[in-house]
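Asks: For the sequence shown, the UniProt record's numbering begins at 1 and goes up steadily by one. Okay, here's the structure, questions in a sec.
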Amino acid sequence: MAEAHQAVGFQFTVRPDGVDLKLSQEVIKNIYLSGVTAWKKKTRAVLSGILFATGLWLFLIYLLRYTLKVLLSYHGWIFESHGKMSTSTKVWLSLVKMFSGRRPLLYSFQASLPRLPVPSVDDTICRYLESIHPLLDNEQYNQMKILANDFRDSIAAQLQRYLMLKSWWATNYVSDWWEEYIYLRSRSPIMVNNNFYMMDLLYVTPTHRQAARAGNVVHAMLQYRRKLERGEHAPLRALGIVPMCSTQMERMFNTTRIPGIETDIVQHLTDRKHLVVYHKGRFFQLWLYTGGRHLLPSELETQFQRILNDTSEPQPGELKLAALTAGNRVLWARTRIKYFSQGVNKVSLDAIESAAFFLTLDEEPQGYDSTKTNSLDSYAKSLLHGKCYDRWFDKSFTLISYPNGKMGINVEHSWADAPVVGHMWEYVLATDCFHLGYTEEGHCKGDVNKALPHPSRLQWQFPKETSYVIAKQIADDVDLHSYLFTEFGKGLIKKCRTSPDAFIQLALQLAQFRDQGLFCLTYESSMTRMFRDGRTETVRSCTSEAVAFVRAMEDTSATKAQRLALFRKAADKHQHMCRLAMKGPGIDRHLFCLYIMSKHLGVDSPFLKKVLSEPWKLSTSQTPQQQLNLVDINKFPKYVGSGGGFGPVADDGYGVSYIIVGENLITFHISSKFSSPDTDSYRFGRHIQKAMLDIQALFHPENDKMVGNGEHVQLVNGKKHL
Numbered sequence: 001m002a003e004a005h006q007a008v009g010f011q012f013t014v015r016p017d018g019v020d021l022k023l024s025q026e027v028i029k030n031i032y033l034s035g036v037t038a039w040k041k042k043t044r045a046v047l048s049g050i051l052f053a054t055g056l057w058l059f060l061i062y063l064l065r066y067t068l069k070v071l072l073s074y075h076g077w078i079f080e081s082h083g084k085m086s087t088s089t090k091v092w093l094s095l096v097k098m099f100s101g102r103r104p105l106l107y108s109f110q111a112s113l114p115r116l117p118v119p120s121v122d123d124t125i126c127r128y129l130e131s132i133h134p135l136l137d138n139e140q141y142n143q144m145k146i147l148a149n150d151f152r153d154s155i156a157a158q159l160q161r162y163l164m165l166k167s168w169w170a171t172n173y174v175s176d177w178w179e180e181y182i183y184l185r186s187r188s189p190i191m192v193n194n195n196f197y198m199m200d201l202l203y204v205t206p207t208h209r210q211a212a213r214a215g216n217v218v219h220a221m222l223q224y225r226r227k228l229e230r231g232e233h234a235p236l237r238a239l240g241i242v243p244m245c246s247t248q249m250e251r252m253f254n255t256t257r258i259p260g261i262e263t264d265i266v267q268h269l270t271d272r273k274h275l276v277v278y279h280k281g282r283f284f285q286l287w288l289y290t291g292g293r294h295l296l297p298s299e300l301e302t303q304f305q306r307i308l309n310d311t312s313e314p315q316p317g318e319l320k321l322a323a324l325t326a327g328n329r330v331l332w333a334r335t336r337i338k339y340f341s342q343g344v345n346k347v348s349l350d351a352i353e354s355a356a357f358f359l360t361l362d363e364e365p366q367g368y369d370s371t372k373t374n375s376l377d378s379y380a381k382s383l384l385h386g387k388c389y390d391r392w393f394d395k396s397f398t399l400i401s402y403p404n405g406k407m408g409i410n411v412e413h414s415w416a417d418a419p420v421v422g423h424m425w426e427y428v429l430a431t432d433c434f435h436l437g438y439t440e441e442g443h444c445k446g447d448v449n450k451a452l453p454h455p456s457r458l459q460w461q462f463p464k465e466t467s468y469v470i471a472k473q474i475a476d477d478v479d480l481h482s483y484l485f486t487e488f489g490k491g492l493i494k495k496c497r498t499s500p501d502a503f504i505q506l507a508l509q510l511a512q513f514r515d516q517g518l519f520c521l522t523y524e525s526s527m528t529r530m531f532r533d534g535r536t537e538t539v540r541s542c543t544s545e546a547v548a549f550v551r552a553m554e555d556t557s558a559t560k561a562q563r564l565a566l567f568r569k570a571a572d573k574h575q576h577m578c579r580l581a582m583k584g585p586g587i588d589r590h591l592f593c594l595y596i597m598s599k600h601l602g603v604d605s606p607f608l609k610k611v612l613s614e615p616w617k618l619s620t621s622q623t624p625q626q627q628l629n630l631v632d633i634n635k636f637p638k639y640v641g642s643g644g645g646f647g648p649v650a651d652d653g654y655g656v657s658y659i660i661v662g663e664n665l666i667t668f669h670i671s672s673k674f675s676s677p678d679t680d681s682y683r684f685g686r687h688i689q690k691a692m693l694d695i696q697a698l699f700h701p702e703n704d705k706m707v708g709n710g711e712h713v714q715l716v717n718g719k720k721h722l
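Structure (structure tokens):
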């Protein structure tokens with residue numbers, strides 16, 4: 001009875017004066033604790049379920065990424081013909097496609113991309129010696145071989161161990177050093193030396209109104225930037241399946257190279273809401289947003305037209321201010337500290353460096369004109385350096401707008417390579433022409449909002465004695481020739497069952513030999529973006545096979561059959577070299593990193609020093625086309641670009657950029673220096689044209705075309721012009 005009595009939690013008795021209620025605090029406490037215990041069990045069960053589900057989800061994501069990373073580490077497919085893939089490669093491609101998902105975002109594959117492998121020292125030295133063999137006589141080659149063997153037997157193993165350690169720790173063992181030591185530590189001017197340009201559509205100008213064209217193009221760039229920030233662009237993929245690294249695209253906008261005494265830095269900011277415009281020596285700040293949205297093309301046109309109509313004069317020291325960014329980096333860094341550290345100058349400089357990008361409203365019309373021999377040359381020089389004070393060379397890129405409606409861009413090279421910028425430029429031009437469009441009068445479509453605040457002038461205060469060292473002598477020394485090769489293009493080359501790139505590279509070797517009478521170390525840029533944070537690798541195009549082919553072409557006793565056989569052998573070797581570079585085991589980036597490591601460790605290597613000091617007298621690059629496939633150039637053949645180019649790399653050498661435009665056009669951009677008595681860009685262009693036709697004649701003898709000694713040539717200021 002006592003136990004039963006204690007089990008009662010409460011008692012109540014009805015009395016005449018009311019109800020007498022008695023509660024047992026101990027029992028109520030036990031009930032409460034029982035409930036708490038039950039809730040704790042439920043909470044633990046829920047948390048355990050959440051943790052398990054989260055852990056399982058993270059494990060599956062990691063497993064998916066790791067599996068994809070393992071799959072992407074296979075590169076055997078590179079060495080197989082696309083039309084004759086092995087069964088294992090087809091299965092591999094199917095697995096990559098399956099693990100990639102249906103609609104991946106721009107950065108979806110970054111964590112799955114493999115690291116760039118470090119080649120073995122023996123393999124790199126072997127390939128290096130093979131690459132220089134056709135360029136040296138026996139005595140020179142044997143001396144280089146001795147240096148290489150001494151390096152291999154002494155400090156190579158130590159440097160390689162440290163480099164392997166770096167490759168395990170860093171996402172890419174090359175890229176950070178490449179950016180720092182090749183670009184940012186260089187004290188020479190950016191202009192001509194470390195920048196490149198890209199041209200507008202070749203045959204089409206959507207409108208001849210400068211403000212309208214700038215309005216559409218800037219609006220298209222803002223659309224591209226918004227998609228970039230959201231990761232909405234589709235990732236680039238080889239064969240449409242194998243993903244490539246997109247890291248370089250992150251710094252396309254809102255980026256500036258800041259000068260320093262010893263080294264520059266790349267400053268990248270988050271979303272910037274303004275643009276800085278240069279026109280007739282004045283700097284304007286223009287806001288790109290209103291009411292939480294981008295300005296419409298018609299609104300941008302209105303703002304640009306206001307700037308064009310502004311008749312105010314430049315402030316003292318303002319007209320040629322941007323010349324500071326074109327000259328020596330140390331001088332610019334010291335000037336920046338002295339004059340731009342405080343006050344209105346700092347505010348205005350911050351506005352430029354924090355802008356989304358820089359826009360120049362140029363005063364002189366440019367573009368391709370079939371009636372003018374040198375129209376493309378003038379256009380190219382304007383884009384590459386302009387007047388030396390009307391582009392802000394520190395910005396990631398400067399957009400240039402001409403009075404006749406043509407556009408172009410000047411790009412600082414440290415933050416990215418040409419294919420990355422080309423991706424954006426293709427999107428912008430296609431959006432401008434096929435999505436935004438213009439009215440019949442050539443204006444941007446949409447209503448005009450005249451209530452927008454006017455663009456504001458940036459303010460400057462400089463001492464009266466302020467003057468700028470204009471790097472005009474650098475620009476004046478650039479011998480730049482851009483021309484269209486229209487005799488044939490990719491279509492005919494493919495019918496010859498050879499790689500278009502190999503065809504052109506061998507033509508360049510033939511042209512180089514005819515121009516200089518000797519062979520030289522040749523640089524062709526290849527990409528390593530199938531690896532995380534990958535940028536470029538060098539293809540040494542002047543191979544023993546290429547030399548044998550060129551000598552056969554110059555040997556009158558050689559038959560066409562012999563020349564063709566040597567051509568195919570050289571083309572196959574070139575393709576193999578390109579594929580090796582893409583796969584990772586290149587020559588030059590490995591040797592470059594070994595050299596940097598030796599400097600960090602304080603050890604000297606005559607071999608590495610010799611390798612890194614060798615001049616590239618022929619530097620070449622192919623500008624990719626149709627990365628996005630937004631325009632069907634078979635349906636719209638006039639809507640093709642003319643590529644871009646860069647300045648000469650060596651004082652007595654050539655820089656050649658080429659773009660394979662569709663099936664029937666190839667454009668060449670050739671640069672050299674007037675100060676060199678050995679080079680002539682126009683002469684070299686003529687040699688390229690003849691070399692292309694001579695090689696084509698090996699496949700189609702009935703279509704032999706030879707450029708005569710006097711045909712298609714005129715002398716202008718002592719220079720040969722096609």
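Backbone N, C-alpha and C fix where the C-beta goes; we use that ideal spot for every residue, glycine too. Keep in mind it's a predicted model, so treat the numbers as computed, not measured.
1) Counting C-beta neighbours from all protein chains within 10 Å, is the total for P297 16 or more, i.e. buried, or is it exposed?
2) Skipping 5 residues on each side, what residues in its chain have a beta carbon closer than 6 Å to that of S131?
3) Measure from the alpha carbon of S94 to the alpha carbon of each residue in L116, L68, H423, then state which is nearest.
4) Closest to Y682 by CA distance: which of G655, E663, Q696 is it?
5) Could you check whether the stretch 314-329 touches the stretch 484-491, counting it as contact only if at least three pairs of C-beta atoms, one from each stretch, sit closer than 8 Å?
6) Are the CB atoms of E179 and S396 within a distance shorter than 7 Å?
7) Taking the alpha carbon of I633 as the point to measure from, which residue in A650, L665, D652 has its own alpha carbon closest?
8) Specify the secondary structure class of K372 as computed by DSSP and reduced to three states.
9) What first and last residue would you give for the beta strand (DSSP E) that runs through R257?
10) If you follow the beta strand (DSSP E) that E524 is in, where does it begin and where does it stop?
11) Just tell me which of W425, I265, L594 has its CA closest to the CA of L628.
12) Three-state secondary structure (DSSP) at F393?
13) Do A326 and M191 have their C-beta atoms closer together than 7 Å?
14) Go ahead and pull the three-state DSSP assignment for T243.
15) In the DSSP assignment, what residue or residues form a beta bridge with I265?
16) May I have a chain-ordered list of the alpha helix (DSSP H) segments no shorter than 4 residues that lie completely inside the stretch 10-88?
17) Give me the residue from H279, F304, M252, Y107 with the minimum Cα distance to H423.
18) Kindly list the residues whose CB is nearer than 6 Å to the CB of I660, restricted to its own chain and excluding five residues on each side of it in sequence; keep chain order.
19) Jot down the residue ranges of each uninterrupted alpha helix (DSSP H) in the stretch 458-506, minimum 4 residues, whole runs only, in chain order.
20) Return the residue from the list I261, A570, R282, L288 that minimises the CA-CA distance to residue 732.
21) Skipping 5 residues on each side, what residues in its chain have a beta carbon closer than 6 Å to that of Q6?
22) Run the CB neighbour count on I28, radius 10 Å, all protein chains shown included, and call it buried at 16 or more, exposed below.
23) Grouping DSSP H, G and I as helix and E and B as strand, with all else coil, what is R272?
24) Among Q143, I409, I596, which has the Cα closest to the Cα of K381?
25) Output the distance between the C-alpha atoms of D588 and D310, rounded to the nearest integer angstrom.
26) Find the nearest neighbour of N194 within the set D271, A416, L452, K617, judged by alpha-carbon distance.
27) Name the DSSP bridge partner or partners of V656?
28) Are the stretch 612-625 and the stretch 634-651 touching by the rule of at least three beta carbon pairs closer than 8 Å?
29) Just the Cα atoms here: how many angstroms apart are V547 and L163?
30) From the DSSP output, in three-state form, read off F646 for me.
31) Between the C-alpha atoms of F358 and P314, what's the straight-line distance to the nearest angstrom?
32) In three-state DSSP terms, what is S605?
33) Within a Cβ cutoff of 7 Å, which residues of the same chain sit near R187, ignoring the five residues on either side of it in sequence?
34) Under a Cβ-count criterion, where at least 16 other Cβ atoms within 10 Å of its own Cβ denotes burial, should W169 be classed as buried or exposed?
35) Would you say H600 and T124 are within 7 Å of each other, going by their C-beta atoms?
36) Is R460 near N374, with beta carbons less than 7 Å apart?
Replies: Short version:
1) Counted from its first residue, the sequence shown places residue 297 at position 297. Buried, since its Cβ has 16 or more Cβ neighbours within 10 Å.
2) Start at 1 with the first residue of the sequence shown, and residue 131 comes out as number 131. Counting only Cβ-Cβ distances below 6 Å, and skipping sequence neighbours, we find R540.
3) As a first step, residue 94 must be located in the sequence shown, where it is residue number 94. Nearest C-alpha to S94: L68.
4) On the sequence shown, residue 682 is found 682 positions in, with the first residue counted as 1. When only C-alpha atoms are compared, the closest one is G655.
5) no
6) Taking the sequence shown and counting its residues from 1, one reaches residue 396 at position 396. Taking the sequence shown and counting its residues from 1, one reaches residue 179 at position 179. Not in contact: S396 and E179 (Cβ atoms no closer than 7 Å).
7) Taking the first residue of the sequence shown as position 1, residue 633 is located at position 633. When each option's Cα is compared against that of I633, the closest is L665.
8) If you number the sequence shown from 1, residue 372 lands on position 372. Here K372 sits in coil by DSSP.
9) Counted from its first residue, the sequence shown places residue 257 at position 257. First-last of the beta strand (DSSP E) with R257: 255-258.
10) Here residue 524 refers to the residue found at position 524 of the sequence shown. That run of the beta strand (DSSP E) goes 522-527.
11) Position 628 of the sequence shown holds residue 628. Nearest in C-alpha terms to L628, of all of W425, I265, L594, is W425.
12) The residue labelled residue 393 in the question sits at position 393 within the sequence shown. F393 falls in the coil class under three-state DSSP.
13) Position 326 of the sequence shown, counted from the first residue, corresponds to residue 326. Position 191 of the sequence shown, counted from the first residue, corresponds to residue 191. Taking 7 Å as the Cβ cut-off, A326 and M191 qualify as a contacting pair.
14) Along the sequence shown, one-based indexing puts residue 243 at 243. Reading off the sequence shown, one finds Pro at residue 243, where the question assumed Thr. Strand at P243.
15) Here residue 265 is taken as the residue at index 265 of the sequence shown, counted from 1. DSSP lists I258 as partners of I265.
16) Unbroken alpha helix (DSSP H) runs of no fewer than 4 residues, entirely contained in the stretch 10-88, are found at 25-72, following chain order.
17) As a working mapping, residue 423 is identified with position 423 in the sequence shown. Nearest of H279, F304, M252, Y107 to H423, Cα basis: M252.
18) Stepping through the sequence shown from its first residue, residue 660 is reached at position 660. Counting only Cβ-Cβ distances below 6 Å, and skipping sequence neighbours, we find K490, P500, I666.
19) 472-476, 490-495
20) Only positions 1 to 722 of the chain appear in this structure, which leaves residue 732 out of reach.
21) Taking the first residue of the sequence shown as 1, we reach residue 6 at position 6. For Q6, the predicted structure reports a pLDDT of 49, less than 50, and the residue's modelled location is therefore unreliable. The matter cannot be settled from this model.
22) Within the sequence shown, numbered from 1, the residue matching residue 28 stands at position 28. Exposed: under 16 other Cβ atoms inside 10 Å.
23) One-based indexing of the sequence shown puts residue 272 at position 272. In the structure shown, R272 sits in coil (DSSP, three-state: anything other than H, G, I, E or B).
24) The count along the sequence shown starts at 1 and reaches residue 381 at position 381. The residue with the shortest Cα to Cα distance from K381 is I409.
25) If you number the sequence shown from 1, residue 588 lands on position 588. If you number the sequence shown from 1, residue 310 lands on position 310. About 52 Å.
26) The residue labelled residue 194 in the question sits at position 194 within the sequence shown. Nearest option by C-alpha distance: A416.
27) Within the sequence shown, numbered from 1, the residue matching residue 656 stands at position 656. Beta-bridge pairing links V656 to T620, I670.
28) yes
29) Taking the sequence shown and counting its residues from 1, the one referred to as residue 547 is at position 547. Taking the sequence shown and counting its residues from 1, the one referred to as residue 163 is at position 163. One C-alpha to the other measures close to 34 Å.
30) Position 646 of the sequence shown holds residue 646. Of the three classes helix, strand and coil, the one that applies to F646 here is strand, per DSSP.
31) Mapped onto the sequence shown, residue 358 falls at position 358. Mapped onto the sequence shown, residue 314 falls at position 314. Between F358 and P314, the C-alpha separation is close to 18 Å.
32) By one-based count along the sequence shown, residue 605 stands at place 605. DSSP places S605 in coil when its eight states are reduced to three.
33) Counting from 1 along the sequence shown, the entry for residue 187 is found at position 187. Once the five neighbours on either side are set aside, the close Cβ partners of R187 are N328, R329, V330.
34) Taking the sequence shown and counting its residues from 1, one reaches residue 169 at position 169. Exposed is the call here.
35) By one-based count along the sequence shown, residue 600 stands at place 600. By one-based count along the sequence shown, residue 124 stands at place 124. The answer is no: Cβ separation not under 7 Å.
36) For the purposes of this step, residue 460 is taken as the residue at position 460 of the sequence shown. For the purposes of this step, residue 374 is taken as the residue at position 374 of the sequence shown. It is worth fixing the name first, because residue 460 is Trp in this sequence and not Arg. For the pair W460 and N374, the CB atoms are not nearer than the 7 Å cut-off.
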